[in-house]
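Chains as they are written, first to last, in the numbering used here: chain A, 16 to 130; chain B, 7 to 119.
Here's the structure, in structure tokens; my notes come after.
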Amino acid sequence: GQQLNQSPQSMFIQEGEDVSMNCTSSSIFNTWLWYKQDPGEGPVLLIALYKAGELTSNGRLTAQFGITRKDSFLNISASIPSDVGIYFCAGPGYRSNFGNEKLTFGTGTRLTIIP
Amino acid sequence: EAGVTQFPSHSVIEKGQTVTLRCDPISGHDNLYWYRRVMGKEIKFLLHFVKESKQDESGMPNNRFLAERTGGTYSTLKVQPAELEDSGVYFCASRPGGGYGYTFGSGTRLTVV
Numbered sequence: 016g017q018q019l020n021q022s023p024q025s026m027f028i029q030e031g032e033d034v035s036m037n038c039t040s041s042s043i044f045n046t047w048l049w050y051k052q053d054p055g056e057g058p059v060l061l062i063a064l065y066k067a068g069e070l071t072s073n074g075r076l077t078a079q080f081g082i083t084r085k086d087s088f089l090n091i092s093a094s095i096p097s098d099v100g101i102y103f104c105a106g107p108g109y110r111s112n113f114g115n116e117k118l119t120f121g122t123g124t125r126l127t128i129i130p
Numbered sequence: 007e008a009g010v011t012q013f014p015s016h017s018v019i020e021k022g023q024t025v026t027l028r029c030d031p032i033s034g035h036d037n038l039y040w041y042r043r044v045m046g047k048e049i050k051f052l053l054h055f056v057k058e059s060k061q062d063e064s065g066m067p068n069n070r071f072l073a074e075r076t077g078g079t080y081s082t083l084k085v086q087p088a089e090l091e092d093s094g095v096y097f098c099a100s101r102p103g104g105g106y107g108y109t110f111g112s113g114t115r116l117t118v119v
């Protein structure tokens, strides 16, 4: 089945540092999504990418849809304490289609900010 | 607008017992999904309802899991009998129409001991 390999698994950074994480797949995706899960909450959509090469920003977050359509990365600039959480990449699941937009998720990157 | 509500937030049960998880989607959202995250692994799709009909249940692990959505409103996911490997966080999500813009609930953390 489909698998999304996300790295790194965890990051320990100081406030103010920039963060970069990526996601790769053995198969082509036509949509890439980045979610964030705060402790005790469900995932929240941060950025959606729909076109190869697309670069999209949402505040301090920037995500890119890889040209090969098999990868995507997420950057966070000047991290702040509320950036703590787990970040997941996601794409259309196996046999996902219009009307059944199920998702395949990566294993997540846990971001911790060291005081 | 109220979000997606899941109950209970936590459940600890013994192996062999039965547990029922409940999800109340956002009012008017025809599409309801169940996902599960086992410790440290990816979030995995379980099934998808459109109103009261099961659109896709290809992710359900086995026949110990039963999902229902009577009347096309709230949904329940029953695990009977529970096994140790069923432990994890069960998420419900809903959306009104097409696209991947789900709203997830806060999840139910299930621990089977």
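Glycine included, C-beta positions come from ideal geometry on N, C-alpha and C.
Using a Cβ-Cβ cutoff of less than 7 Å, which residues in the same chain neighbour residue i once the five nearest sequence positions on both sides are dropped?
i	result
residue 20 of chain B	119
residue 56 of chain B	36, 37
residue 34 of chain A	26, 28, 90, 91, 94, 126
residue 32 of chain A	94
Using a Cβ-Cβ cutoff of less than 8 Å, which residues in the same chain neighbour residue i once the five nearest sequence positions on both sides are dropped?
i	result
residue 86 of chain A	37, 38, 39, 40
residue 42 of chain A	17, 85
residue 66 of chain A	80
residue 4 of chain B	Residue 4 of chain B falls outside the range modelled here, since chain B spans only 7 to 119, and no answer is possible.
residue 106 of chain B	none
Can you find the residues in the same chain that come closer than 6 Å, C-beta to C-beta, to residue i, ignoring five residues on each side of it along the sequence?
i	result
residue 188 of chain A	The requested residue 188 of chain A is not part of the displayed model; chain A covers only 16 to 130.
residue 24 of chain B	86
residue 22 of chain B	87
residue 70 of chain A	79
residue 44 of chain B	94
residue 13 of chain B	28
residue 51 of chain A	59, 61, 100, 102
Would you mind giving the Cβ-Cβ distance between residue i and residue j, rounded to the nearest angstrom? I have them listed as a contact below 8 Å.
i	j	result
residue 123 of chain A	residue 91 of chain A	With a Cβ gap of about 15 Å, residue 123 of chain A and residue 91 of chain A do not count as contacting.
residue 58 of chain A	residue 110 of chain B	5 Å
residue 102 of chain B	residue 34 of chain B	6 Å
residue 117 of chain B	residue 100 of chain B	Their Cβ separation, rounded to whole angstroms, is 25 Å, which puts residue 117 of chain B and residue 100 of chain B out of contact at 8 Å.
residue 77 of chain B	residue 58 of chain B	6 Å
residue 5 of chain A	residue 128 of chain A	Residue 5 of chain A cannot be examined here, being either before or after the span of chain A that is shown, 16 to 130.
Can you check whether the CB of residue j is closer than 8 Å to the CB of residue i?
i	j	result
residue 30 of chain A	residue 82 of chain A	no
residue 82 of chain B	residue 17 of chain B	no
residue 76 of chain A	residue 60 of chain A	no
residue 86 of chain B	residue 70 of chain B	yes
residue 54 of chain B	residue 115 of chain A	yes
residue 80 of chain B	residue 28 of chain B	yes
residue 112 of chain B	residue 56 of chain A	yes
residue 84 of chain B	residue 11 of chain B	no
The stretch 58–71 of chain A: positions lying closer than 8 Å to chain B by Cβ: 58, 59, 60, 63
Cβ contact (3+ pairs, closer than 8 Å) linking the stretch 36–56 of chain B and the stretch 25–33 of chain A: no
Interface residues of the stretch 49–63 of chain B facing chain A [CB-CB below 8 Å]: 49, 50, 51, 54, 56, 61, 62
Interface residues of the stretch 40–51 of chain A facing chain B [CB-CB below 9 Å]: 46, 48, 50
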